[in-house]
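Enquirer:
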Ligand code: NAD
């Protein structure tokens, strides 16, 4: 499958169909779960700073809410499509189910590039998105959150618009808010840390000490930065990270064989996770082509940027050293590449398990917001560790017991739980 033809939703459905076959899922449940329950597509007219009006395309997809309100981020991206949003919504359903939190799957997006928009224009897009969706989202129906290129500030504008429309304070409407305004301590770290909790558990199973391992990371945004930090804390060495270069419209890998230092890299990274090439060279980093991250002689690969990054055409570059692929990003590995990783016996920690720390902490944020009582950071992170560790244990135990590929085992657990909720509700 070439990068051009790639369709995330077709891939999500292929993954689902495979497991539905494996489970012998009945036809109505299959039909219900392989497409979203509800979809919204709408226009957001925005008066730009120069006085002209531009119309942005917005989406919200609620894939399944049998286990609880839909939950999922809103992504701002120039190449956003409804199929990407559908796939991400479906993955959210499986993700919430695999960590066993009482939420369903949703996702939203706007076709836009915040790099080229002023703060005021971005605020208008956020408020416009909520105006279109205010009646179909909320604390007990569908709870949005940040995703690629959306920030806590965007979430504040959105909750403010929602509260203005509904006349009250509803901090549980949205997560990813700043601490002090309904946000949870630990949310910033949660996804990246969650990735590393699962890596730690996988290394235990492989009987490998973290201190003797190295990793290569794609991306240097929220997920990647905190994964790099915690992985270093447990003793690992990160030899490179990569990022998208807005000016050159391509990606680069930043390599330091002795180990990258996240603190010095953060200092030369813009708030979209783009690293400054020249400053990186000045700090002694080799600046390599974007795809170099995948070909490093490391123990662990952590794709933490975008979907469709490990494919049939580049999976051959994965070094024979690699023992674990921990999918920080959503949908980074195509089914074709998956087969190759499986055949090589590489331990894949699938996206909807590896990066479920974000939604788990968002769930904690929602619980705290609804109670209006906030926990200390240590309490949040220790609850997160417990959830991630038990989710990992359930998946790896099933994989071992039924001799399943780890991704299939995670899907079997999630799909069974969601199918059971649909059956118990009498939907199918
Ligand atoms: P982000 O916007 O903070 O960072 C994205 C990073 O990827 C940036 O460093 C960017 O430069 C880099 N990047 C973009 N395109 C690239 C390319 N072609 N090659 C190399 N690098 C590239 O986003 P994030 O929040 O870190 O999310 C990353 C991934 O993790 C996404 O797939 C997202 O859906 C997923 N995810 C995020 C969270 C969360 O809590 N933030 C939770 C679950 C899943």
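Numbering (the working numbering), first residue to last: -10 to 417.
C-beta: ideal position from N, C-alpha, C; glycine also.
Remember, predicted model here, so these are calculated numbers, not experimental data.
What residue ranges within the stretch 35 to 63 form continuous beta strand (DSSP E) runs of no fewer than 3 residues, ordered along the chain?
Expert: Listed in chain order, the complete beta strand (DSSP E) runs (minimum 3 residues) inside the stretch 35 to 63 are 42 to 53.
Enquirer: For residue 160, tell me which candidate among 381, 365, 360, 404 has the shortest Cα-Cα distance.
Expert: It is 360 whose Cα lies nearest to the Cα of residue 160.
Enquirer: Among 239, 199, 248, 241, which has the Cα closest to the Cα of residue 224?
Expert: Among 239, 199, 248, 241, the Cα nearest to that of residue 224 is on 199.
Enquirer: Is residue 65 near ligand 1, with its Cβ less than 7 Å from a heavy atom?
Expert: No.
Enquirer: When we look at the beta-carbon of residue 195 and count the other beta-carbons within 10 Å, is it buried (16 or more) or exposed?
Expert: The residue is exposed, with fewer than 16 neighbouring Cβ atoms inside 10 Å.
Enquirer: CB of residue 209 to nearest heavy atom of ligand 1: below 7 Å?
Expert: Checking the Cβ of residue 209 against ligand 1 gives yes.
Enquirer: Is it true that the CB of residue 55 sits closer than 8 Å to the CB of residue 401?
Expert: Against a cut-off of 8 Å, the Cβ pair of residue 55 and residue 401 comes out as no contact.
Enquirer: Mind checking whether residue 50 and residue 25 have CB atoms under 8 Å apart?
Expert: For residue 50 and residue 25, yes; Cβs fall inside 8 Å.
Enquirer: Inspect the CB distances between the stretch 119 to 134 and the stretch 67 to 87 and report whether three or more fall short of 8 Å.
Expert: In short, these stretches do not touch, since the Cβ pair count stays below three.
Enquirer: So which of 250, 256, 34, 339 has the shortest CA-CA distance to residue 118?
Expert: When only C-alpha atoms are compared, the closest one is 34.
Enquirer: If you count every other CB in all the chains shown that lies within 10 Å of the CB of residue -9, and 16 or more means buried, which is it?
Expert: Confidence at residue -9 is low in this model, with a pLDDT of 46, below 50, so its placement is unreliable and the value that follows should be read with caution. Classification for residue -9: exposed.
Enquirer: For residue 344, does the count of other Cβ atoms within 10 angstroms reach 16, so buried, or fall short, so exposed?
Expert: Answer is buried; the Cβ neighbour count reaches 16.
Enquirer: Using the C-alpha atoms, what's the distance from residue 202 back to residue 341?
Expert: For residue 341 and residue 202, the distance between alpha carbons rounds to 24 Å.
Enquirer: Any heavy atom of ligand 1 within a distance shorter than 7 Å of the CB on residue 231?
Expert: Yes, ligand 1 has a heavy atom inside 7 Å of this Cβ.
Enquirer: Since residue 61 and residue 184 are thought to touch, with beta carbons under 8 Å apart, how far apart are those beta carbons, to the nearest angstrom?
Expert: The pair is not a contact, with the Cβ atoms about 18 Å apart (cut-off 8 Å).
Enquirer: Can you find the residues in the same chain that come closer than 7 Å, C-beta to C-beta, to residue 0, ignoring five residues on each side of it along the sequence?
Expert: Cβ within range, chain order: 76, 320, 323, 324.
Enquirer: For the stretch 138 to 150 and the stretch 159 to 174, state whether three or more C-beta atom pairs, one from each stretch, are separated by less than 8 Å.
Expert: In short, these stretches touch, since the Cβ pair count reaches three.
Enquirer: Given that a residue counts as buried once 16 or more other Cβ atoms are within 10 Å of its Cβ, and exposed if not, what is residue 438?
Expert: Here the chain covers residues -10 to 417 and nothing more, so residue 438 does not appear.
Enquirer: Between which two residues does the alpha helix (DSSP H) carrying residue 173 extend?
Expert: Looking at the DSSP string, residue 173 is not in any alpha helix (DSSP H), and its letter there is neither H nor E.
Enquirer: Looking only at DSSP bridge pairs, what is residue 311 linked to?
Expert: Bridge partners of residue 311: none, in fact.
Enquirer: Any idea what DSSP makes of residue 341, helix, strand or coil?
Expert: Residue 341: helix per DSSP, three-state reduction.
Enquirer: Do residue 38 and residue 110 have their C-beta atoms closer together than 8 Å?
Expert: Yes, these two residues count as a Cβ contact at 8 Å.
Enquirer: Kindly indicate which residue of 364, 211, 252, 231 has the alpha-carbon position closest to the one of residue 204.
Expert: The candidate whose alpha carbon is nearest that of residue 204 is 231.
Enquirer: When every heavy atom of ligand 1 is checked, does at least one fall within less than 7 Å of the C-beta of residue 53?
Expert: Answer for residue 53: no, Cβ out of range of ligand 1.
Enquirer: Closest to residue 336 by C-alpha separation, out of 385, 348, 239, would be which residue?
Expert: It is 385 whose Cα lies nearest to the Cα of residue 336.
Enquirer: What do you get for residue 273, buried or exposed, if any count of 16 or more other CB atoms within 10 angstroms of its CB means buried?
Expert: Its Cβ having fewer than 16 others within 10 Å, residue 273 is exposed.
Enquirer: Quick check: what's the CA-CA separation for residue 284 versus residue 302?
Expert: For residue 284 and residue 302, the distance between alpha carbons rounds to 13 Å.
Enquirer: Does DSSP put residue 294 in a helix, a strand or coil?
Expert: Three-state result, residue 294: coil.
Enquirer: What are the start and end residues of the alpha helix (DSSP H) that includes residue 353?
Expert: That run of the alpha helix (DSSP H) goes 346 to 360.
Enquirer: Ligand 1 heavy atoms versus the CB of residue 318: any closer than 7 Å?
Expert: Answer for residue 318: yes, Cβ within range of ligand 1.
Enquirer: Considering only their Cβ atoms, is the gap separating residue 4 from residue 23 smaller than 8 Å?
Expert: Taking 8 Å as the Cβ cut-off, residue 23 and residue 4 do not qualify as a contacting pair.
Enquirer: In or out: residue 298 buried (at least 16 other Cβ within 10 Å) or exposed?
Expert: Label assigned to residue 298: buried.
Enquirer: Is it a yes or a no for the stretch 362 to 381 touching the stretch 208 to 217, going by three-plus beta-carbon pairs under 8 Å?
Expert: Verdict: no, contact absent.
Enquirer: Any heavy atom of ligand 1 closer than 7 Å to the CB of residue 92?
Expert: Residue 92: no, Cβ never under 7 Å from ligand 1.
Enquirer: Below 8 Å on the Cβ atoms is my guess for residue 217 versus residue 243; work out the distance and round it to an integer in Å.
Expert: Incorrect: roughly 11 Å between the Cβ atoms, too far for contact.
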